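Student: Could you have a look at this structure, given as structure tokens, before my questions?
Chains as they are written, first to last, in my numbering: chain Y, 288 to 392; chain D, 1174 to 1561.
What follows is the structure, given as structure tokens:
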């Protein structure tokens, strides 16, 4: 019971051990930092209505919509932050934003 | 030794920039700095230097562009004064926080309001805690040589701190003096090539610059800045000696002019120091034991050197060319704390002078010395040439 309450201590580095100016040198840190965890709304894509115009692909700020050949694929939810731009620009409204709480525990 | 030529301080600083030949200059005009960049723009137009000049819409943008360039393998410079320095104030902290080795000549001009285009130190003094090294020039020759020195200090691998070489607006920036511009070859060899540990354009080693740091790391990153500043007095003598081989003048953080046996000393910076030298010479001829302690580097403040220079001295007047409203004037504040631990401390008197370009003449300085020689110390901030 006690073990579950006490979090393990994270060893923070001293001022002598970190790069100067706060510069991050082990880029790209996004490989381990999955910003999709910030999402409050999730884009639900209806593939049957999609015309593959690529508007959502071009306007996604996180480049989360992969393309194969001339068709888009499902959004990469590791990095989708739920901004809703894809739903907003879709000319056929095949993308709807829904509460993320419905999909996560 | 080359022949001296009549040059303004601004032209002399532009010559230093020509010899440094930065890769990028982004600047916005403001009196009295404008002629520096104008002269440099002519060098670019005439093909004497290969520099990418960016005509930005404000000083905030100027510093932003220079920071970005510095992180992209480009040696970068800008110049400013007064409200321009104020406008880029946010970016001063960015430049020093990101450890950019930027050199930015400042032609000191009063901060508004009311609007005034003439010399005082309220601009650079307002920025004294932004993490920039500050050195002050007495005349155009020093303005020129300090700019070269600044480059080597800023880019030293243990310092990596931006530097503001300052000169008095109009007095030095626009006044014509005989200046010796040293030969290009040895100066360029002294300047060397741009070395900076990071380059955003090096796609093989990707980095992220200027990230957020939360409560668990900002303190440590700022502690590194303290270390960078602490290295300045360590690396300075070596760099100064190297430059002295070319110029014949060795930079030191203070200059002691007849202070050894002086009964009365004036401590000040910039052109006022030059005028004070003339008065010291005249009064010494008349048998009065007076001296000048000229401060050349204001940040990092050389507490130990100032304390040592003032130890055992009788009376010292500190002449500040800026107010620090609600507190002791800037230089006075630091000088007063310097000899705190000494057993033999001089009596100190604070003077503020020269605000908004108000004249400081030889007879004003003579009056200050006479007061000091009489031991007249009021313990309050006094003013020179102010209509009470």
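Quick reminder that beta carbons are idealized off the backbone N, C-alpha and C, glycines included. For clarity, every value in this text was computed on a predicted model and none was experimentally measured.
Under 7 Å, Cβ to Cβ, is there at least one residue of chain D near residue 325 (chain Y)?
Tutor: By this cut-off, residue 325 (chain Y) is not an interface position.
Student: Just the chain D side, please: which residues come within less than 9 Å of residue 310 (chain Y) by C-beta, in chain order?
Tutor: Result: 1244, 1271, 1272, 1370, 1371, 1380, 1381, 1382, 1383 and 1384.
Student: Please state if the CB of residue 1185 (chain D) and the CB of residue 1581 (chain D) are separated by a distance shorter than 7 Å.
Tutor: With chain D covering only 1174 through 1561, there is no way to say anything about residue 1581 (chain D).
Student: Should the segment 1325-1337 of chain D be called in touch with the segment 377-388 of chain Y, which here means at least 3 C-beta pairs below 8 Å?
Tutor: They do not touch, by the three-pair rule.
Student: Does any residue of chain D bring its CB to less than 7 Å from the CB of residue 314 (chain Y)?
Tutor: So, interface residue.
Student: With a CB to CB cut of under 6 Å and the five nearest residues on each side skipped, what residues in its chain are close to residue 1304 (chain D)?
Tutor: Cβ within range, chain order: 1269 and 1398.
Student: Taking residue 299 (chain Y) as the query, report the chain D residues whose CB atoms sit under 9 Å from its CB, ordered along the chain.
Tutor: Chain D residues near residue 299 (chain Y): 1389, 1390 and 1393.
Student: With a threshold of 6 Å on Cβ separation, who are the neighbours of residue 1449 (chain D) within its own chain once the five nearest residues in sequence on each side are excluded?
Tutor: 1439, 1465 and 1538, listed in sequence order.
Student: Comparing C-alpha positions only, which one of D:1226, D:1400, D:1193 and D:1216 sits nearest to residue 1276 (chain D)?
Tutor: That would be D:1193, whose Cα lies nearest to the Cα of residue 1276 (chain D).
Student: Are three or more beta carbon pairs between the segment 1279-1295 of chain D and the segment 1508-1523 of chain D nearer than 8 Å?
Tutor: Touching, no.
Student: What are the residues of the segment 1322-1337 of chain D that lie near chain Y, defined by any Cβ-Cβ distance shorter than 7 Å?
Tutor: If the cut-off is 7 Å between Cβ atoms, the segment 1322-1337 of chain D has 1333 near chain Y.
Student: Can you list, in chain order, the residues of its chain whose CB lies under 7 Å from that of residue 1333 (chain D), leaving out five sequence neighbours each side?
Tutor: Taken in chain order, the residues that qualify are 1272, 1274 and 1401.
Student: What first and last residue would you give for the alpha helix (DSSP H) that runs through residue 1367 (chain D)?
Tutor: That residue, residue 1367 (chain D), is in no alpha helix (DSSP H); it is neither H nor E in DSSP.
Student: So what does residue 332 (chain Y) bridge to, in DSSP terms?
Tutor: Its beta-bridge partners are Y:382.
Student: Just to confirm before moving on: does the CB-CB distance between residue 1530 (chain D) and residue 1291 (chain D) stay below 7 Å?
Tutor: The answer is yes: Cβ separation under 7 Å.
Student: DSSP state of residue 1550 (chain D), grouped into three classes?
Tutor: Residue 1550 (chain D): coil per DSSP, three-state reduction.
Student: Per DSSP, residue 1464 (chain D) forms a beta bridge with which residues?
Tutor: Answer is D:1438, bridged to residue 1464 (chain D).
Student: Sort D:1240, D:1228, D:1298 and D:1246 by Cα distance to residue 1171 (chain D) and report the nearest one.
Tutor: Residue 1171 (chain D) lies beyond the residue range present for chain D, which begins at 1174 and ends at 1561; the question has no answer from this structure.
Student: Would residue 1419 (chain D) and residue 1355 (chain D) be called neighbours here (beta carbons separated by less than 7 Å)?
Tutor: Closer than 7 Å, so yes.
Student: Taking just the CA atoms, how far does residue 1212 (chain D) sit from residue 371 (chain Y)?
Tutor: Whole-angstrom Cα-Cα distance: 51 Å.
Student: Have a look at residue 362 (chain Y) and residue 1385 (chain D) and give me their C-alpha separation to the nearest angstrom.
Tutor: Their backbone Cα atoms lie some 27 Å apart in a straight line.
Student: Buried or exposed: which applies to residue 1376 (chain D), given that a residue is buried once 16 or more other Cβ atoms fall within 10 Å of its Cβ?
Tutor: By the 10 Å Cβ count, residue 1376 (chain D) comes out exposed.
Student: Within the same chain, show all residues whose beta-carbon is closer than 6 Å to that of residue 1511 (chain D), passing over the 5 residues directly before and after it, in chain order.
Tutor: Answer for residue 1511 (chain D): 1476, 1479 and 1480, listed in chain order.
Student: Is it buried or exposed, residue 1191 (chain D), if we count other Cβ atoms within 10 angstroms and call 16 or more buried?
Tutor: Buried.
Student: From residue 1591 (chain D) to residue 359 (chain Y), what does the alpha carbon distance come to, in whole angstroms?
Tutor: Limits of chain D in this structure are 1174 at one end and 1561 at the other, which puts residue 1591 (chain D) out of reach.
Student: Name the chain Y residues whose beta carbon is nearer than 8 Å to that of residue 1248 (chain D)?
Tutor: Ordered by position in chain Y, no residue passes the 8 Å Cβ test against residue 1248 (chain D), which lies about 17 Å from the chain.
Student: Mind checking whether residue 369 (chain Y) and residue 324 (chain Y) have CB atoms under 7 Å apart?
Tutor: Contact flag unset, no.
Student: Quick one: is residue 307 (chain Y) near chain D, going by C-beta distance under 7 Å?
Tutor: For residue 307 (chain Y), the answer is yes, since a Cβ of chain D falls inside 7 Å of its Cβ.
Student: Classify residue 1114 (chain D) as buried or exposed, calling it buried when 16 or more other Cβ atoms lie within 10 Å of its own Cβ.
Tutor: With chain D running from 1174 to 1561 in the structure shown, residue 1114 (chain D) is simply not present.
Student: Looking at chain D, is there any beta carbon in it that lies within less than 7 Å of the beta carbon of residue 302 (chain Y)?
Tutor: By this cut-off, residue 302 (chain Y) is an interface position.
Student: Use the C-beta contact count for residue 340 (chain Y): other C-beta atoms within 10 angstroms, 16 or more gives buried, fewer gives exposed.
Tutor: The residue in question, residue 340 (chain Y), is exposed, as its Cβ has fewer than 16 Cβ neighbours within 10 Å.
Student: Just the C-alpha distance for residue 1322 (chain D) and residue 1216 (chain D), rounded to the nearest angstrom, thanks.
Tutor: When rounded, the distance between both Cα atoms is 21 Å.
Student: Between the alpha carbons of residue 289 (chain Y) and residue 314 (chain Y), how many angstroms are there, rounded?
Tutor: Only weak support exists for where residue 289 (chain Y) lies, its pLDDT of 47 falling under 50; the coordinates are left without a value.
Student: Note down the Cα distance separating residue 1559 (chain D) from residue 1524 (chain D), rounded to an integer number of angstroms.
Tutor: Rounded to whole angstroms, residue 1559 (chain D) to residue 1524 (chain D) spans 11 Å at the Cα level.
Student: For residue 1507 (chain D), count neighbouring Cβ atoms within 10 angstroms of its own Cβ and tell me buried if that reaches 16, exposed if not.
Tutor: The residue in question, residue 1507 (chain D), is buried, as its Cβ has 16 or more Cβ neighbours within 10 Å.
Student: To the nearest angstrom, report how far apart residue 1496 (chain D) and residue 348 (chain Y) are at their CA atoms.
Tutor: Taking the straight line joining both Cα atoms gives about 49 Å.
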